[in-house]
Amino acid sequence: MEVTRKFKRLVVEIETPIAKTGNGPAVGGKVNNLLLLGNSSENNKENGKRYLVKGIRGWINHAMMAIAKKEGVEVCHTSDKTETQKGVNLLPEGFHANGECYPEKECIKHRLMGSIAKRSILKFEPVIIILEANSKGKKNTVTQAVHVATERRNALKSNVKISIQDFGERYFSGELTIKIEFLEDLTQEELGFLLKGILYAPELGLGASVNNGGGKVHMKRITLQEVVRSSSFGKQGKVIQQEKIRNLWKEMKEGVEAWPKTNA
Ligand SMILES: [Zn+2]
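Heads up, the working numbering is the position in the sequence shown plus 60, with the first residue counted as 1.
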């Protein structure tokens, strides 16, 4: 006996010469760009530290905002605040506060990305990286091997030799695969909006230090897939998971053409 689930997903293959993910330095704090998840276990046939690449959903979210603005389509801003305590408007023109459109006039970005009012129908699989040097050339389904470097940052207070900043910033370089699972069916228009957002994302750059040459990303390939995933028991309770995959090129093309809607 097996259990199965059928769903669609986008597989996005990217390459970055150098990226430092995160939301930029917090005042007085260190940049939290890669989350250390600990050491990989012996069973994985790989050694060394595993890191979670943060900020990928936010990166696509901002790219969606950018393309919507270009097309004059109003969508949610990432902020849910409309003004400061002094009444100064915080929202740029062409955006509403995050989730404000829901449920009466839900915008296309909210239908995909959700907000505190409704969960997103897109599930971004965690991107977990390990040092290439430690991967021993083994293909692993959980981790991806890239190059990771740490730059030590020191800032000394003037006149006295007291360090006011002393931390390491991590950079990574290499090829990554981002998988975005659809928890519900997307309309052609929604698929098109998502695809165009991803296509536009390299214009923004990934993560921090974009203005200093970091975060350059080359999109290599985007594939829409139909997946049938099945799990069953093998001997002695061992779980066997399999995926049957079909690429949906025609549906992808139709999606790209469906957004933005032309009123011809
Ligand atoms: Zn909205």
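Heads up, the beta-carbon is just placed ideally off N, CA and C, and yes, glycines get one too. Quick caveat: nothing in here was measured; it's all calculated off a predicted structure.
Around lysine 280, the same chain offers Glu73, Ile74 and Glu75 as residues with beta carbons nearer than 7 Å, after the five sequence neighbours per side are excluded. Contact between the region 117-135 and the region 251-258 is established, with three or more Cβ pairs separated by less than 8 Å.
For valine 288, there is no enclosing alpha helix (DSSP H); the residue is part of the beta strand (DSSP E) that begins and ends at 278-293. In this chain, the alpha helix (DSSP H) harbouring lysine 169 covers 168-173.
With a cutoff of 6 Å, histidine 122 does not count as near ligand 1, since its C-beta is closer than that to no heavy atom of the ligand. In the DSSP assignment, alanine 126 falls within the unbroken alpha helix (DSSP H) covering 116-130. DSSP, read as helix, strand or coil, puts isoleucine 300 in strand.
Here tyrosine 231 carries a strand assignment [DSSP, helix/strand/coil].
Contact between alanine 123 and phenylalanine 232 fails: their C-beta atoms lie close to 20 Å from each other, not under 8 Å. For lysine 256, the enclosing alpha helix (DSSP H) starts and ends at 248-264.
Looking only at Gly159, Trp119 and Ile189, the smallest Cα-Cα distance to glycine 98 is reached by Ile189.
A direct Cα-to-Cα measurement between asparagine 121 and glycine 132 gives close to 17 Å.
Residue nearest to threonine 210 within the set Lys109, Lys239 and Lys183 is Lys109 (criterion: CA-CA distance). Of Val299, Lys141 and Val187, the smallest CA-CA separation from valine 202 is found for Val187. Exposure of arginine 65 is indicated by the presence of fewer than 16 other C-beta atoms within 10 angstroms of its C-beta.
Secondary-structure assignment with DSSP links glutamate 75 through a beta bridge to Glu235 and His278.
Within 10 angstroms of the beta-carbon of alanine 193 lie fewer than 16 other beta-carbons, which makes it exposed. In this structure, histidine 170 has its CB closer than 6 Å to one or more heavy atoms of ligand 1.
By the C-beta criterion, the region 173-180 is judged to be in contact with the region 146-161, since at least 3 inter-stretch pairs fall below 8 Å. For valine 113, the enclosing beta strand (DSSP E) has its first and last residue at 109-113. Taking the C-beta atoms as reference points, glutamine 285 is found no nearer than 7 Å to leucine 236. With a contact defined as Cβ atoms closer than 8 Å, cysteine 167 and valine 135 qualify at about 5 Å. Glycine 315: member of the alpha helix (DSSP H) spanning 309-318, first to last residue. Listed as beta-bridge partners of threonine 322 by DSSP are no residues whatsoever.
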